[in-house]
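Chemist: Handing you this structure, nothing more for now.
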Amino acid sequence: MHIGSHAAIDWDAIDGIAETPRVCRFIPVDSPWHRLFDFAHTPTYRELLVEFLSSFTFHPPGVPVPLPHPGAPPPPEVSFRLACVMRSMTLAEFAVHCGLYMQGEIETEIYIAGLVVVAKPILVGFWQVIAGENHWEHDKSKGRVSFVRDPLYRYLQHLLATSISARGYSREWCTTTDLFFLYCLLYRRPCALAHGLAQYYASALTGRTADFCMAGRT
């Protein structure tokens, strides 16, 4: 498994181009978004990370799960092995334990009302706002980041593409997943970041992030 570098917000550079007020409007200090991008500063230990990802499972709350037999208990929402210890918890507990949310935020709209998905026509309409018409490749469900007019928006997409929607192939493309998170970020909609992060971890070895994962400092 290749472990890539999680990009962090360069506040000195942002301040140097006088964009700090605008960035703070999208990413308030000590918010879940701010904490997500701060993960880039945390140390990563490869052996523990591989163990964690190879055992991580996620069963989203409210989604029916096939049971091995009638009456069997449902699987935990989140489970993984870390330091040879198997752990299981609810998604809300995972949200707090991983540092995305504070305990007091779990009962507030910032967590409860978090969006999990946005209809594709809305996302394509959003893309047309930030990048113009006819620049979204519908057959591939992606668009070139270079068409995004605002440099700050391109920078924010890069942060997303090296964190919660990271992948191994070129990040010159804005994927539907990138667009969903960018939509929530720029329009300041509550976003289910813990759900998105759990989905990302669960797909690390079997889905779009197979054999590739972004992490903090190694």
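Per this note's numbering, numbering through the sequence shown is continuous, rising by one, with the last residue being 793.
For glycine and all other residues, C-beta sits at the position ideal for the given N, C-alpha and C.
Can you list, in chain order, the residues of its chain whose CB lies under 8 Å from that of Ala-593, leaving out five sequence neighbours each side?
Modeler: Correct list: empty, nothing qualifies.
Chemist: Give me the residue from Ala-694, Val-693, His-710 and Leu-675 with the minimum Cα distance to Ile-685.
Modeler: Among Ala-694, Val-693, His-710 and Leu-675, the Cα nearest to that of Ile-685 is on Leu-675.
Chemist: Val-622 by DSSP, collapsed to three states: which one?
Modeler: In the sequence as displayed, the identity of residue 622 is Glu instead of Val. If DSSP states are grouped into helix, strand and coil, Glu-622 belongs with the helices.
Chemist: By DSSP's criteria, Cys-749 is part of a beta bridge. Which residues make up the other side?
Modeler: Bridge partners of Cys-749: Gly-718.
Chemist: Which first and last residues belong to the alpha helix (DSSP H) in which Leu-657 is found?
Modeler: Counting along the chain, Leu-657 falls outside any alpha helix (DSSP H), though it belongs to the beta strand (DSSP E) covering 653 to 657.
Chemist: Among residues of its own chain, excluding the 5 on either side of Pro-603, which ones have a beta-carbon nearer than 7 Å to its beta-carbon?
Modeler: Closer than 7 Å at the Cβ level, and outside the excluded window around Pro-603, lie His-609.
Chemist: Can you give me the C-alpha to C-alpha distance between Phe-755 and Phe-612, rounded to a whole angstrom?
Modeler: Approximately 17 Å between the Cα atoms of the pair.
Chemist: Looking at C-alpha atoms only, which residue of Glu-680, Pro-639, Ala-694 and Met-664 is the closest neighbour of Tyr-758?
Modeler: The option with the nearest alpha carbon to Tyr-758 is Ala-694.
Chemist: Quick check: the region 722 to 739 against the region 665 to 672, are there 3 or more CB pairs under 8 Å?
Modeler: As far as the Cβ criterion goes, the region 722 to 739 does not touch the region 665 to 672, which means the pair count is below three.
Chemist: Quick check on the burial criterion: 16 or more other C-beta atoms within 10 angstroms. Buried or exposed for Pro-639?
Modeler: Exposed is the call here.
Chemist: Tell me the DSSP secondary structure of Arg-792 in three-state form.
Modeler: Unreliable positioning characterises Arg-792 in this predicted model, as indicated by a pLDDT of 45, which lies under 50. A coordinate reading is not provided.
Chemist: Inspect the beta-carbon positions of Phe-601 and Arg-763 and report whether they are closer than 8 Å.
Modeler: Taking 8 Å as the Cβ cut-off, Phe-601 and Arg-763 qualify as a contacting pair.
Chemist: Tell me Arg-729's beta-bridge partners as DSSP assigns them.
Modeler: None, per the DSSP bridge assignment.
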